[in-house]
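Chains as they are written, first to last, in our numbering: chain B, -11 to 336; chain H, 12 to 292; chain D, 1098 to 1397.
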């Protein structure tokens, strides 16, 4: 297989990564700290959305507890990377074992993802068997449990008070971009992998899949864990960007953000989730600006952004439930080469 | 399909007319270009194996399923695509497959629901008395929860419930399914007495032998199409029913979810193929 | 424990249980018929509370009328949200309904924030709401007793409705088997609208007593009652009206016991504990304590 064929097979993530890189570079080039913020935040959000998409897009299951794992990753990585003295000062009640931990940024990020994955592994197992409605309620209940734990466990997260990381911002715009690109590849790899295929088969027809020897519960379980890991990674990026976190950042508002991106963009394809992330990020900036303008001229409309997005979300669900992309993946097909085309057709 | 049969029903006054009906479950075509007619006072039977499309036909007429194509006309009015409630209001009553009584409601409440759309205090009491005549067991168990009744009693409750609305067309979906031979006899006796009262009936049955004994006309369905239509006598001589039941057309166990469970009622009539082929009707 | 403390505990639990019972009944009513958990339910309470606020501040209507309008307002927003946002999704997947109700809940929250205020507002209430009375030596707020009385009346009325009226029978039939009920001529739209209306009425009643305890209304006030009703419905039984009523009392008892018994360090985790119990129930006993017309569906 020559280089062109190799590229064409992986064209989707490559194209998306290129688009992301161009966008981020452009925003950085404009030399405006606000825009740089938007770009960095956007990449972090993209990582979060990719983690969500890889499970929901392939299994058809909406994981209501997802942002809880993002929160776990955020706090876990923060605990790992802050200097012990600083921790002791800020949270005298913190467990000694946790105070003692200290590691470089990259390692902390990975630990954050790992802790999230571990939590998913433990909790996801009994939940993987539940039917649609029971599963949804259970995942939502789990979100509340995560939120309460993160908001109340003083010895770990400083309770309801802000957990300050201080120091310099380790998540720079370039770090966020790189991890964003990696997350696109991970989501795409997952989709095209055997696990992703099995997951999609079980989404289409649970019983047919089971009778083909697919262990539906196991595939869901593994997908759930991988998704949580990517979410945890996003959380780590986030905490090292914002530099002060509370449990509230990983609850209903965040959940709504992810949902709106994935539903409007389209959950079934990586391109859809990517497009949703970019579009909603831009839309929110615009709406926020509109809010500010209106508020300044006398009408206090803070919250209008969320209302507009919620209405949009309902409309999309009603009229175009598969989102803008509706399962389409951006691709570069080798002109005239049947082999590459039929290959990628088989895989989707 | 046979000209003589259609002309006869046209003369008697058509109650139901289905033309070129097609229904799909997603990508799977459950019914294709199905046409049938039922005239006033007739008992018409739909026969065929599991998955042939019999239940689908009734559900499409009753408004539970939407036709993808074709027309359903009831007493001159088009009803294809109407909701189930609307169809019921027009006078069609479906006694669904598997009885589907409300297990946690009492017999009384089940019957009351049957008359939901058409309730009038005076006629309700009359109809109730009528049901007690037909089904004395229901009077005994009037205050008991439906789920406590035996299979046969539930079937009677389901039919009584369907009758409470004084329907112009009664549709029965596999009423003898899962019942012991004695009960099967009772059910078919009951259907005969309903027919003798002048109620127009569309009967779906896997038990071809018994159904053909009662029917004025019958349609034989296979994989969503009508393979044969006509009087029972014609059917036994002109069609090798055994072959159709055993899947001569090759599509054994088509993926269409007709609703009927795999345990077929033909096990309740062990000698069926041989008997029909011998022209028992 | 002295007798006085015990009586206080009992009255407290009964009144809190009454509140939770009404609350959960509103949620389970829609769930039983539509098979959907309505995230916007909490916001029906919020809307009712804000009606109480607006009428109390801006008009001098007598309080029974204000209460009535609050309850009607709850019913109205409930029915309207069904017609506008949920009806188009009938028959769609579980996810679609949940996400839509989640979106509606957010829309209502932020609308309250914009049209009134993001800050909490004190709601004027009739004087006797804050007065207390001496019951067997224990000082008890009048509104607690009122709540218990109202709950008994409502539950009795409810029972009558469900058992003796044809509408009630039709709703129970629809909750057991919607399709077959429609085959009998039971009109889907009517039944569903009634269910939402009842849910909204209950939300309105809850709003009165919830505001009675907290004294104020704020945009996010619907979250806590929603979560509580979640817990009660799962434990009591998602398909059982009786279950949610009994569950409400059980939960109030558990919550009060935990408050007494848990060391203060663990008290703040009460919610986490309750939701962990919810998860355990869903995994081990998804029908809840009262099975009702539940049919289990498992994947593996």
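Even glycine gets a Cβ: it sits at the ideal position worked out from N, Cα and C.
Closer than 8 Å to chain D by CB, residue i
i                      : result
residue 136 of chain B : yes
residue 186 of chain H : no
residue 105 of chain H : yes
residue 84 of chain B  : no
residue 80 of chain B  : no
residue 127 of chain H : yes
residue 125 of chain B : yes
residue 72 of chain B  : no
residue 268 of chain H : Note that residue 268 of chain H scores 37 on pLDDT, short of 50, meaning its location in the model is unreliable and no value can be drawn from it.
residue 111 of chain H : yes
residue 271 of chain H : Caution applies to residue 271 of chain H, whose pLDDT of 39 falls short of 50 and renders its modelled position unreliable; the model cannot decide the point.
residue 176 of chain H : yes
residue 34 of chain B  : no
residue 261 of chain H : With a pLDDT of only 40 at residue 261 of chain H, under the threshold of 50, the placement of this residue in the model should not be trusted; the figure read from the coordinates follows. Residue 261 of chain H does not count as touching chain D.
residue 247 of chain B : yes
Under 7 Å from the C-beta of residue i: neighbouring residues of chain D
i                      : result
residue 291 of chain B : 1207, 1210, 1211
residue 130 of chain B : 1376
Interface flag, residue i vs chain B, CB-CB below 8 Å
i                       : result
residue 1159 of chain D : no
residue 1383 of chain D : yes
residue 1331 of chain D : yes
residue 1143 of chain D : no
residue 1324 of chain D : yes
residue 1397 of chain D : In this predicted model, residue 1397 of chain D has a pLDDT of only 41, less than 50, meaning its place in the structure is not dependable enough to derive any value.
residue 1203 of chain D : yes
residue 1182 of chain D : yes
Listed by chain order, chain B residues near residue i by CB distance under 8 Å
i                       : result
residue 1273 of chain D : Within chain B, no residue comes near residue 1273 of chain D; the closest Cβ sits about 17 Å away, beyond 8 Å.
residue 1132 of chain D : 121
residue 1387 of chain D : Those within 8 Å of residue 1387 of chain D in chain B number zero; the least Cβ separation is about 16 Å.
residue 1372 of chain D : 129, 130, 132, 133, 136
Contact set between residue i and chain H, taken where Cβ atoms lie within less than 9 Å
i                       : result
residue 1185 of chain D : Neighbours of residue 1185 of chain D on chain H: none; closest Cβ ~15 Å, over 9 Å.
Listed by chain order, chain B residues near residue i by CB distance under 7 Å
i                       : result
residue 1125 of chain D : Under the 7 Å cutoff, chain B gives no residues; its nearest Cβ is about 13 Å from residue 1125 of chain D.
residue 1365 of chain D : 140
residue 1321 of chain D : Neighbours of residue 1321 of chain D on chain B: none; closest Cβ ~11 Å, over 7 Å.
Residue i at chain H interface by Cβ criterion, 8 Å
i                       : result
residue 1263 of chain D : yes
residue 1269 of chain D : yes
residue 1193 of chain D : no
residue 1339 of chain D : no
Inter-residue CB distance, residue i and residue j (contact presumed, cutoff 8 Å)
i                       : j                       : result
residue 30 of chain H   : residue 82 of chain H   : 5 Å
residue 1121 of chain D : residue 1263 of chain D : Not a contact, Cβ separation roughly 26 Å.
residue 1404 of chain D : residue 1293 of chain D : Absent from the structure is residue 1404 of chain D, since the part of chain D shown begins at 1098 and ends at 1397.
residue 153 of chain B  : residue 145 of chain B  : Rounded, the Cβ-Cβ distance is 12 Å, inconsistent with contact.
residue 288 of chain B  : residue 1148 of chain D : In fact, because the Cβ distance is near 21 Å, the residues do not count as touching under 8 Å.
residue 184 of chain H  : residue 54 of chain H   : So it is not a contact: roughly 14 Å between Cβ atoms.
residue 58 of chain B   : residue 176 of chain B  : In fact, because the Cβ distance is near 20 Å, the residues do not count as touching under 8 Å.
residue 42 of chain H   : residue 27 of chain H   : The Cβ separation is near 15 Å, so there is no contact.
residue 1220 of chain D : residue 1153 of chain D : 6 Å
residue 63 of chain H   : residue 234 of chain H  : 6 Å
Neighbour list for residue i in chain B, Cβ cutoff strictly below 9 Å
i                       : result
residue 1292 of chain D : Result: empty, since nearest Cβ-Cβ is about 17 Å, beyond 9 Å.
residue 1368 of chain D : 132, 133, 135, 136, 140
residue 1174 of chain D : Those within 9 Å of residue 1174 of chain D in chain B number zero; the least Cβ separation is about 15 Å.
residue 1380 of chain D : 114, 115, 117, 118, 122, 126
Per-residue contacts from residue i into chain D (C-beta, under 8 Å)
i                      : result
residue 251 of chain B : 1196
Cβ-heavy atom distance, residue i to the ligand NAD, below 7 Å
i                      : result
residue 176 of chain H : The model on display carries no ligand, and the ligand NAD is accordingly not part of it.
Cross-chain neighbours of residue i in chain H, by beta carbon under 8 Å
i                       : result
residue 1266 of chain D : 116, 120, 123, 124
Exercise. When Cβ atoms are compared, which residues of the region 302 to 322 of chain B fall closer than 8 Å to chain D?
Worked result: 302, 305, 306, 309
For this session: Compile a chain-ordered list of the residues in the region 68 to 79 of chain H whose CB is closer than 9 Å to at least one CB of chain D.
Result: 73, 74, 75
Problem set entry | Where the region 272 to 301 of chain B meets chain D: residues whose CB sits under 8 Å from a CB there | 288, 289, 290, 291, 292, 294, 295, 298, 299, 301
For this session: With 9 Å as the limit, tell me which residues of the region 212 to 244 of chain B have their beta carbon closer than that to any beta carbon of chain D; keep them in chain order.
Result: 240, 241, 243, 244
Problem set entry | Contact set between the region 139 to 152 of chain H and chain D, restricted to residues whose Cβ is under 7 Å from the partner | none
Exercise. Using a Cβ cut-off of 7 Å, which residues of the region 36 to 58 of chain B contact any Cβ in chain D, in chain order?
Worked result: 50
Exercise. What are the start and end residues of each continuous beta strand (DSSP E) run of 3 or more residues lying completely inside the region 116 to 155 of chain H, in chain order?
Worked result: none
For this session: List in chain order: all unbroken beta strand (DSSP E) runs of 3+ residues lying wholly within the region 188 to 246 of chain H.
Result: 211 to 216, 228 to 233, 236 to 241
Problem set entry | Segments of 4+ residues assigned as alpha helix (DSSP H) that fall wholly inside the region 1265 to 1299 of chain D | 1275 to 1280
Exercise. If you measure beta-carbon to beta-carbon, which residues of the region 1276 to 1300 of chain D are closer than 8 Å to chain H?
Worked result: 1276, 1277, 1278, 1279, 1280, 1281, 1282, 1283, 1284, 1285
Exercise. Where are the beta strand (DSSP E) runs, 3 residues long or more, that stay fully inside the region 54 to 79 of chain H, in chain order?
Worked result: 54 to 58
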